[in-house]
Amino acid sequence: MERSRRNVDERDDRKERRRQKDDDEKVPNRREDEHRPKGRVDRYNDGREGDRKDRRRDVEREKRVDDKHEKDKNRKANAQEDGALKAGEEDSKVQKQDVNLNMDTSKLGRSGGVYIPPFKLARMMKEVQDKSSVEYQRMTWDALRKSINGLVNKVNAANLKNIIPELFAENLIRGRGLFCRSCMKSQMASPGFTDVFAALVAVVNTKFPEVGDLLLRRIILQLQRAYKRNDKPQLLAAVKFIAHLVNQQIVHELIALELLTVLLEKPTDDSVEVAVGFVTECGSMLQDLCPRGLHGIFERFRGILHEGEIDKRVQFLIESLFALRKAKFQGYPAVRPELDLVEQEDQLTHEVSLSDTIDPEITLDIFKPDPNFLENERKYEELKKAILGEESEEEGESDAESEDEDEDDESDEEDEEQMKIKDETETNLINLRRTIYLTIMSSVDFEEAGHKLLKIKLEPGQEMELCIMLLECCSQERTYLRYYGLLGQRFCMINRIHQENFEKCFVQQYSMIHRLETNKLRNVAKFFAHLLGTDALPWHVLAYIRLTEEDTTSSSRIFIKILFQELSEHLGIRLLNERLNDPNMQDSFDSIFPKDNPKNTRFAINFFTSIGLGGITENLREYLKNMPRLIMQQQKPVSESDESGSSSDSESSGSESESSSSSSEESDSESDDKRKKRKRRR
Numbered sequence: 001m002e003r004s005r006r007n008v009d010e011r012d013d014r015k016e017r018r019r020q021k022d023d024d025e026k027v028p029n030r031r032e033d034e035h036r037p038k039g040r041v042d043r044y045n046d047g048r049e050g051d052r053k054d055r056r057r058d059v060e061r062e063k064r065v066d067d068k069h070e071k072d073k074n075r076k077a078n079a080q081e082d083g084a085l086k087a088g089e090e091d092s093k094v095q096k097q098d099v100n101l102n103m104d105t106s107k108l109g110r111s112g113g114v115y116i117p118p119f120k121l122a123r124m125m126k127e128v129q130d131k132s133s134v135e136y137q138r139m140t141w142d143a144l145r146k147s148i149n150g151l152v153n154k155v156n157a158a159n160l161k162n163i164i165p166e167l168f169a170e171n172l173i174r175g176r177g178l179f180c181r182s183c184m185k186s187q188m189a190s191p192g193f194t195d196v197f198a199a200l201v202a203v204v205n206t207k208f209p210e211v212g213d214l215l216l217r218r219i220i221l222q223l224q225r226a227y228k229r230n231d232k233p234q235l236l237a238a239v240k241f242i243a244h245l246v247n248q249q250i251v252h253e254l255i256a257l258e259l260l261t262v263l264l265e266k267p268t269d270d271s272v273e274v275a276v277g278f279v280t281e282c283g284s285m286l287q288d289l290c291p292r293g294l295h296g297i298f299e300r301f302r303g304i305l306h307e308g309e310i311d312k313r314v315q316f317l318i319e320s321l322f323a324l325r326k327a328k329f330q331g332y333p334a335v336r337p338e339l340d341l342v343e344q345e346d347q348l349t350h351e352v353s354l355s356d357t358i359d360p361e362i363t364l365d366i367f368k369p370d371p372n373f374l375e376n377e378r379k380y381e382e383l384k385k386a387i388l389g390e391e392s393e394e395e396g397e398s399d400a401e402s403e404d405e406d407e408d409d410e411s412d413e414e415d416e417e418q419m420k421i422k423d424e425t426e427t428n429l430i431n432l433r434r435t436i437y438l439t440i441m442s443s444v445d446f447e448e449a450g451h452k453l454l455k456i457k458l459e460p461g462q463e464m465e466l467c468i469m470l471l472e473c474c475s476q477e478r479t480y481l482r483y484y485g486l487l488g489q490r491f492c493m494i495n496r497i498h499q500e501n502f503e504k505c506f507v508q509q510y511s512m513i514h515r516l517e518t519n520k521l522r523n524v525a526k527f528f529a530h531l532l533g534t535d536a537l538p539w540h541v542l543a544y545i546r547l548t549e550e551d552t553t554s555s556s557r558i559f560i561k562i563l564f565q566e567l568s569e570h571l572g573i574r575l576l577n578e579r580l581n582d583p584n585m586q587d588s589f590d591s592i593f594p595k596d597n598p599k600n601t602r603f604a605i606n607f608f609t610s611i612g613l614g615g616i617t618e619n620l621r622e623y624l625k626n627m628p629r630l631i632m633q634q635q636k637p638v639s640e641s642d643e644s645g646s647s648s649d650s651e652s653s654g655s656e657s658e659s660s661s662s663s664s665e666e667s668d669s670e671s672d673d674k675r676k677k678r679k680r681r682r
């Protein structure tokens, strides 16, 4: 009864909606009729005929609605009966375990046809008696396709070494088409992993060169197709894959130069952008293998840049490429260390030209019965043992057994011991920083803050967080508050660990001082000046500051200025001068008052004079004044040694001249005696 009432109510609602719709449709028709002049009889007849027509329409609509409702009920009832019949048929099939292995080959294509769950496929393969039958071959083909596709999809730089043995365990000779197709699809879906796929192909290419050759041919065809269709995303993916194959030396570098020549022959915005991306990826390898060819490509880029016919954005890309070349392609290595798995002598390089006629061998992607299936499978098993080793399977079984035993032992230990969880999200560290911040901000004075902070339980190594948070809170204030300096001083005097941590903070803040705003820089400088002025921080930290024109920036000079001005206000110029002239600390102050070069010395004097602290540079001025005399004193011993050497040389030369003159006189006297004797004889 309730159902019939519901049906009647629904029927009445439908009628009401239909009437409203018809009334809305009648309104424009009535307006048109009103514009026509009519007589009394026509108006009277039109009104009566209109009422009759409306009644007929309502009756017809009710009949249609009722018929439609009955049809819907019948259709639902039939569907339920069909579902019950199908469920009964499936239950009977499961109970009887009648598996229909004769699948229609027309339904099978590259994807393998209807999806079969792995457990069902394994059960079907076990039940097949004839291992050489077409049905069994088809099932092994589906299993091979799914396995290769799964391994390629889950490969990354971290698990690449583990995936390779699993991949060699599959029949890559039979499924080389599937492997190439899966690699290309995965690379197209995620171009960021292109170098990983190239490394995987490089390892496979060492054992099966035909796989690398087939993949290269298909990528070139994909590139040509995308270039003709002006499909930029597909072209970028293909070009990136070729670039990383060049980096792995699977492909000869000449194809890279040929591809760049084609792209830059008639430059457009898209072709130049693709060429820039290609050179970015493999420029480092081309620089090593063929620097002249790469130089020619860059000359072509320079010509395109000078012509100025391309878009500004592409011109900026070319300029960034020149900057990258100048930096020797830093950030874009040819092969990452974790992906360099193949020795150079083991790699086989393929030479293919873009102008060659290429056969992609698409039939390798589709299942075909093999009359020598068992023989080929046996041969691949032998080849697999040669590649992976004969003990691989035995080791796998023994490892599985040992793993089971270890798991049992570990489960027992886990029941006994409490499991330790390492928090990688740093939630505890964030909570600690929040607690320190709230404690510092909510305290009335530094003594209350110090008392509360000491109550916080810090784990070993977390003391540094306290110093960092104190410094951060100080830098965030609009003006420097002495509250933070007193709090830092108290911590340095309580524990030496805090003193060492503040020393590390000083070094870190000075090295990153250029990143701070002026207000933060001023607060940090005043904070450390307070610690130095109260001897809470050792003065040897000033050794990290080197005051020269080359070693300082505008930010670091402002920091040094505020630091020393605060020290002079806190200590006074006389006491500050005594501290800086302490003979035991001169090694720490040599970097602030440099004496290695007159230029650096003069710069330090001028700096402190300009900030109103010329009084602390008196010793440095005296040193600069006496520097020429010191240089002369250093040069005197050198000149004296030179003079002594020259005098000894002159004496030796004088003695030589005297001996030569005496010998000449003796020879002259001898010649005179001979002449006299001759005259006497005559």
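Read in order, the letters of the sequence shown correspond to residues 1 to 682 in full-length UniProt numbering.
Cβ coordinates follow ideal geometry from the N, Cα and C atoms, glycine included.
Remember, predicted model here, so these are calculated numbers, not experimental data.
Three-state secondary structure (DSSP) of residue i
{"i": "HIS350", "result": "strand"}
{"i": "VAL239", "result": "helix"}
{"i": "VAL251", "result": "strand"}
{"i": "VAL444", "result": "coil"}
{"i": "ASP535", "result": "coil"}
{"i": "THR552", "result": "coil"}
{"i": "VAL541", "result": "helix"}
{"i": "GLN330", "result": "coil"}
{"i": "MET139", "result": "helix"}
{"i": "ILE148", "result": "helix"}
{"i": "GLN509", "result": "helix"}
{"i": "THR479", "result": "coil"}
{"i": "THR357", "result": "coil"}
{"i": "THR439", "result": "helix"}
{"i": "ASP195", "result": "helix"}
{"i": "PHE298", "result": "helix"}
{"i": "GLN315", "result": "helix"}
{"i": "THR268", "result": "coil"}
{"i": "SER186", "result": "helix"}
{"i": "ALA157", "result": "coil"}
Alpha carbon of residue i to alpha carbon of residue j, nearest angstrom
{"i": "LEU521", "j": "THR479", "result": "11 angstroms"}
{"i": "ALA323", "j": "SER147", "result": "44 angstroms"}
{"i": "LEU537", "j": "PHE528", "result": "8 angstroms"}
{"i": "GLU459", "j": "ASN523", "result": "29 angstroms"}
{"i": "ASP270", "j": "HIS295", "result": "22 angstroms"}
{"i": "PRO233", "j": "GLU426", "result": "40 angstroms"}
{"i": "GLU319", "j": "GLU550", "result": "30 angstroms"}
{"i": "ASN554", "j": "LYS328", "result": "In the sequence on display, residue 554 carries Ser and not Asn. Approximately 31 angstroms, taken between the alpha carbons."}
{"i": "ASP13", "j": "GLU60", "result": "16 angstroms"}
{"i": "SER355", "j": "ARG174", "result": "29 angstroms"}
{"i": "ILE436", "j": "ASP596", "result": "45 angstroms"}
{"i": "GLY389", "j": "LEU178", "result": "25 angstroms"}
{"i": "ASN501", "j": "ILE494", "result": "13 angstroms"}
{"i": "ASP582", "j": "ARG336", "result": "54 angstroms"}
{"i": "GLU578", "j": "SER591", "result": "17 angstroms"}
{"i": "PHE278", "j": "GLY150", "result": "29 angstroms"}
Residue i burial status per 10 Å Cβ neighbour count (16 or more: buried)
{"i": "ALA334", "result": "buried"}
{"i": "GLU281", "result": "buried"}
{"i": "LEU547", "result": "buried"}
{"i": "ASN156", "result": "exposed"}
{"i": "ASP195", "result": "buried"}
{"i": "SER511", "result": "exposed"}
{"i": "ILE430", "result": "exposed"}
{"i": "ALA604", "result": "buried"}
{"i": "SER284", "result": "buried"}
{"i": "HIS451", "result": "exposed"}
{"i": "SER475", "result": "buried"}
Cβ shell of residue i (< 6 angstroms), same chain only, five flanking positions each side left out
{"i": "TYR483", "result": "PHE446"}
{"i": "GLY293", "result": "LEU257"}
Neighbourhood of residue i by C-beta, 8 angstroms cutoff - its chain only, sequence neighbours within 5 removed
{"i": "ARG433", "result": "GLU465, MET469"}
{"i": "ILE250", "result": "ALA198, VAL201, ALA202, ASN205, GLY212, LEU216, GLN347, LEU348, THR349, HIS350"}
{"i": "PHE506", "result": "PHE528, LEU537, VAL541, TYR544"}
Sequence-distant residues of its chain with Cβ nearer than 7 angstroms to residue i (five each side left out)
{"i": "CYS183", "result": "VAL152, PHE197, VAL201, LEU215"}
{"i": "VAL227", "result": "In the sequence as presented, Val is not what sits at residue 227; that position holds Tyr. The residues are LEU235."}
Residue i beta carbon near the ligand SAH (any heavy atom closer than 6 angstroms)
{"i": "ARG482", "result": "This structure does not include the ligand SAH; it has no bound ligands of any sort."}
Residue i at chain B interface by Cβ criterion, 7 angstroms
{"i": "MET184", "result": "Going by chain labels, chain B is absent from the structure shown, which holds only one protein chain."}
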